[in-house]
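The sequence shown: position 201 = 201 (the UniProt record's numbering), numbered continuously.
We put the CB at the ideal spot given by N, CA and C, even for glycine.
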Amino acid sequence: MGTALVIENDPTDDPRRLGEWLVEGGLELRVLRPHAGDGIPDDLDGYVALVVLGGDQHAYPAPDGTPGAPWFPKLEGLLRKAVRHRVPTLGVCLGAQLLATAHAGLVERSPSGPEVGPGVVGRRDAAESDLLFRYVPLIPDVLQWHTDEITELPRAATLLAASTRYPHQAFRLGDRAWGLQFHIECDTAMIAEWAHGSALLAELGYDEDLVVAACDRVMADVEEVWQPFAVRFAALALGELDDDTRRSLPLLGH
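If you want it as structure tokens, here you go:
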């Protein structure tokens, strides 16, 4: 077995289902919580993968230059080391945004407005040759909850999924690092916690109970797509995923 380092940026966004799927894939998890005082390591020695989760912070600094969280500069440095040394890396929502900003991408308040609730994204042609995305359906179900977006991908990034209003939904850097603007880790209880008393939902005029119910209805569909994706990521981290994944892995859902 190998150990994946998981960075939890916000107590309301823990590994949840994604963590369960990675463990199913054979990984052990070490979860660091810098929001609770855990330090960010200098390097990834002893880890076979890096996972960076979401949060309510901004990936970009405040007007006075203050980072979105005190640990973000060091975390961005760790993300650069992960890509440079080809350590399998997965960034989810804020984690994807930090992966982008760490490599000179641009994250801003979304000009299209917030994106909240269940939705779909469209797989791009480049996904056909991607180690993880080649078995993702053409229009997979996802869960969204963000007000910021990646408006410019890093120069070397490969776009893997898009949607009409938000063109950068998933991307890859190098051959071992992926960023997902959407959430795959949530269960219904997590969504309910986010929705309760949410100023964002109030601003949008969304009914909390209806948002939770809509997300709950697609949980099985999200799992059908992203549980195998997470298991493939674990296999890659453990050195069990050949480049010819068409022979070494079953088709999605089998």
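Residue i to residue j span [Cα, whole Å]
| i | j | result |
| --- | --- | --- |
| Asp13 | Cys186 | 8 Å |
| Arg155 | Ala104 | 8 Å |
| Ala213 | Asp45 | 42 Å |
| Pro61 | Leu132 | 31 Å |
| Asp43 | Trp21 | 25 Å |
| Thr3 | Arg86 | 15 Å |
| Ala82 | Asp207 | 40 Å |
| Glu152 | Trp178 | 15 Å |
| Ala202 | Glu223 | 28 Å |
| Glu8 | Leu32 | 6 Å |
| Met219 | Met1 | 29 Å |
Spatially closest choice to residue i from the options, by CA coordinates
| i | options | result |
| --- | --- | --- |
| Asp216 | Leu143, Pro167, Ser110 and Arg232 | Leu143 |
| Arg124 | Phe229, Ala170 and Leu153 | Ala170 |
| Ser110 | Gly197, Pro167, Val225 and Tyr135 | Pro167 |
Within 9 Å, strictly: CB atoms of residue i and residue j
| i | j | result |
| --- | --- | --- |
| Ala49 | Leu236 | yes |
| Gly54 | Leu238 | no |
| Ile139 | Val121 | yes |
| Ala102 | Arg80 | yes |
| Leu18 | Val52 | no |
| Gly174 | Thr147 | no |
| Arg172 | Ala189 | no |
| Trp71 | Pro11 | no |
Exposed unless 16 or more other CB atoms sit within 10 angstroms - verdict on residue i
| i | result |
| --- | --- |
| Ser163 | buried |
| Thr89 | buried |
| Asp141 | buried |
| Pro228 | buried |
| Gly39 | exposed |
Cross-strand partners of residue i (DSSP beta bridge)
| i | result |
| --- | --- |
| Phe171 | Leu159 and Gly179 |
| Gln144 | Gly117 |
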